[in-house]
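Take 2 as the starting number for the sequence shown in our numbering and just add one per residue. No residue lacks a Cβ here, since even glycine has one placed at the ideal position from N, Cα and C. See below for the structure under consideration.
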Amino acid sequence: MSQDSENTPSMDEAGIQDLFQSDSQNDFVSAVRLATNRILISLHAEEERLEEILEEIEKNSFYQDFKNSWEDLTPEERTRKWQQQLEHIVQTVYASRPYCLRCGDCCSRVSPSLHPEDLDLLKDGLLRFSDLYTLRKGEPVLNNITATLDNLSEELIKLKEKPENGQCSFYDESEKSCRIYEQRPLQCRTQECWNPQALEKLWSKDKLTRRHLLKDDAELLELLEIHEQRCSTEKLDSAIKKYWETGETSELDSVIDMLSQDVIIRNFFMEKLERSEEELDFLLGRPLAKVVEAYKLKVEKDENGTYHLIHGE
Ligand code: SF4
Ligand code: SF4
Numbered sequence: 002m003s004q005d006s007e008n009t010p011s012m013d014e015a016g017i018q019d020l021f022q023s024d025s026q027n028d029f030v031s032a033v034r035l036a037t038n039r040i041l042i043s044l045h046a047e048e049e050r051l052e053e054i055l056e057e058i059e060k061n062s063f064y065q066d067f068k069n070s071w072e073d074l075t076p077e078e079r080t081r082k083w084q085q086q087l088e089h090i091v092q093t094v095y096a097s098r099p100y101c102l103r104c105g106d107c108c109s110r111v112s113p114s115l116h117p118e119d120l121d122l123l124k125d126g127l128l129r130f131s132d133l134y135t136l137r138k139g140e141p142v143l144n145n146i147t148a149t150l151d152n153l154s155e156e157l158i159k160l161k162e163k164p165e166n167g168q169c170s171f172y173d174e175s176e177k178s179c180r181i182y183e184q185r186p187l188q189c190r191t192q193e194c195w196n197p198q199a200l201e202k203l204w205s206k207d208k209l210t211r212r213h214l215l216k217d218d219a220e221l222l223e224l225l226e227i228h229e230q231r232c233s234t235e236k237l238d239s240a241i242k243k244y245w246e247t248g249e250t251s252e253l254d255s256v257i258d259m260l261s262q263d264v265i266i267r268n269f270f271m272e273k274l275e276r277s278e279e280e281l282d283f284l285l286g287r288p289l290a291k292v293v294e295a296y297k298l299k300v301e302k303d304e305n306g307t308y309h310l311i312h313g314e
């Protein structure tokens, strides 16, 4: 999953699709205007520059050809060609404001994943394990583009987010600023909302993992391996998907066993290894009780201490 996908404007915005049904060239012009204005707003670009940007868009030969052939195209053909037109609109609007306004929108939506280049932030003590959480390989994450649950193809270490609103925990809302701006992680330094390709390139590069950070602690790595085996994201995913297919609640027995193991191992880390609860989301990843929420399941514990899975939100 590409995390910067949320920076890409939606390709089928309500209102614009309706205009594709009309044979009038004026409706094509209106669709371009509407899309351009929406992208300007989402980018916090100066709205008074709309006319100037539209002039730039209209000079493009693709725009001219599209407009001239509009009446002869079917609504399906218009929809297909619109993707290319929209990409040109996006590029033109982005090019009109190629700098950061420090509006904080990107920090308000999501926290960054870390890369090996960010190691010094931990070595220097600017970031602590308790500031981080791990998304383990195979964990389900919502793909914003397809609205499907995808399984992560690699481990990610992220800065924690505020539970109440999902903002990066280092974002100071009252000051609208980053508390570590001068030493912010690589992803934040690369973030350019006017140039989504910058993050796309970064996304294909190596990510920081727990192994980078704990490589000198063989005993701890061994314990993490035990946790991986007993609380495997792959087995969890497969058991829940079998339950979805068959409706057999017995398919969830192994999930309940993994939930219990996860709690036992977390308690062991706190009681025997004297690790703080705040560090556990980094060391062991998010609790499985949290992970199953992505599958719309909720964990409940009865008076005998037995776990049950029920359908959640
Ligand atoms: S990069 Fe982030 S802070 Fe800068 S203008 Fe874009 S959304 Fe705002
Ligand atoms: S570390 Fe700073 S720049 Fe990066 S997302 Fe958090 S608040 Fe924003």
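{"Check": "Proximity below 9 angstroms, CB of G105 to CB of K177", "Outcome": "yes"}
{"Check": "Check: H213 C-beta below 8 angstroms from any heavy atom of ligand 1", "Outcome": "no"}
{"Check": "Own chain residues within Cβ distance below 8 angstroms of Q18, not counting five before or after", "Outcome": "T80"}
{"Check": "Check: C104 C-beta below 8 angstroms from any heavy atom of ligand 2", "Outcome": "no"}
{"Check": "Close beta carbons around E140, own chain, < 8 angstroms, minus the five adjacent residues each side", "Outcome": "N152, L153, T234, G286, R287, V292, A295"}
{"Check": "Ranges of the beta strand (DSSP E) found wholly within the stretch 107 to 193, counting only runs of at least 3", "Outcome": "133 to 136, 141 to 143, 150 to 152, 157 to 160"}
{"Check": "Whole-angstrom distance between R50 and R185, CA atom to CA atom", "Outcome": "32 angstroms"}
{"Check": "Inter-residue Cα distance where the pair is D119 and I40", "Outcome": "32 angstroms"}
{"Check": "Backbone secondary structure at L74 - three-state DSSP", "Outcome": "coil"}
{"Check": "Coil, strand or helix - Y308 by DSSP", "Outcome": "strand"}
{"Check": "Best match in T75, E52, L200, H312 for proximity to Q188 [C-alpha to C-alpha]", "Outcome": "L200"}
{"Check": "Alpha-carbon to alpha-carbon, L115 and D121", "Outcome": "11 angstroms"}
{"Check": "At least 3 beta-carbon pairs within less than 8 angstroms: the stretch 86 to 96 vs the stretch 159 to 175", "Outcome": "no"}
{"Check": "C-beta contact flag for L143 and L136 at 9 angstroms", "Outcome": "no"}
{"Check": "N-terminal and C-terminal residue of the alpha helix (DSSP H) that Y300 is part of", "Outcome": "A quick correction: the sequence has Val, not Tyr, at residue 300. Run containing V300: none in the alpha helix (DSSP H); it sits in the beta strand (DSSP E), 298 to 302."}
{"Check": "Sub-9 angstroms separation of E193 and P99 beta-carbons", "Outcome": "yes"}
{"Check": "Segments assigned alpha helix (DSSP H), at least 4 residues, entirely inside the stretch 217 to 290", "Outcome": "219 to 231, 234 to 247, 254 to 272, 278 to 284"}
{"Check": "Range of the contiguous alpha helix (DSSP H) that encloses D19", "Outcome": "17 to 20"}
{"Check": "beta-carbon I158 near ligand 2 non-hydrogen atom, thresh 8 angstroms", "Outcome": "no"}
{"Check": "Alpha helix (DSSP H) segment containing T210, residue limits", "Outcome": "Run containing T210: none; DSSP gives neither H nor E here."}
{"Check": "First through last residue of the alpha helix (DSSP H) which encompasses N27", "Outcome": "26 to 43"}
{"Check": "Through-space distance from I311 to K243, alpha-carbon basis", "Outcome": "16 angstroms"}
{"Check": "Sequence-distant residues of its chain with Cβ nearer than 7 angstroms to E280 (five each side left out)", "Outcome": "F130, S131"}
{"Check": "For Y64, three-class secondary structure by DSSP", "Outcome": "helix"}
{"Check": "C232 beta carbon less than 9 angstroms from that of D263", "Outcome": "yes"}
{"Check": "Limits of the alpha helix (DSSP H) - the one that L102 falls within", "Outcome": "Segment: none, L102 is in no alpha helix (DSSP H) and carries neither H nor E."}
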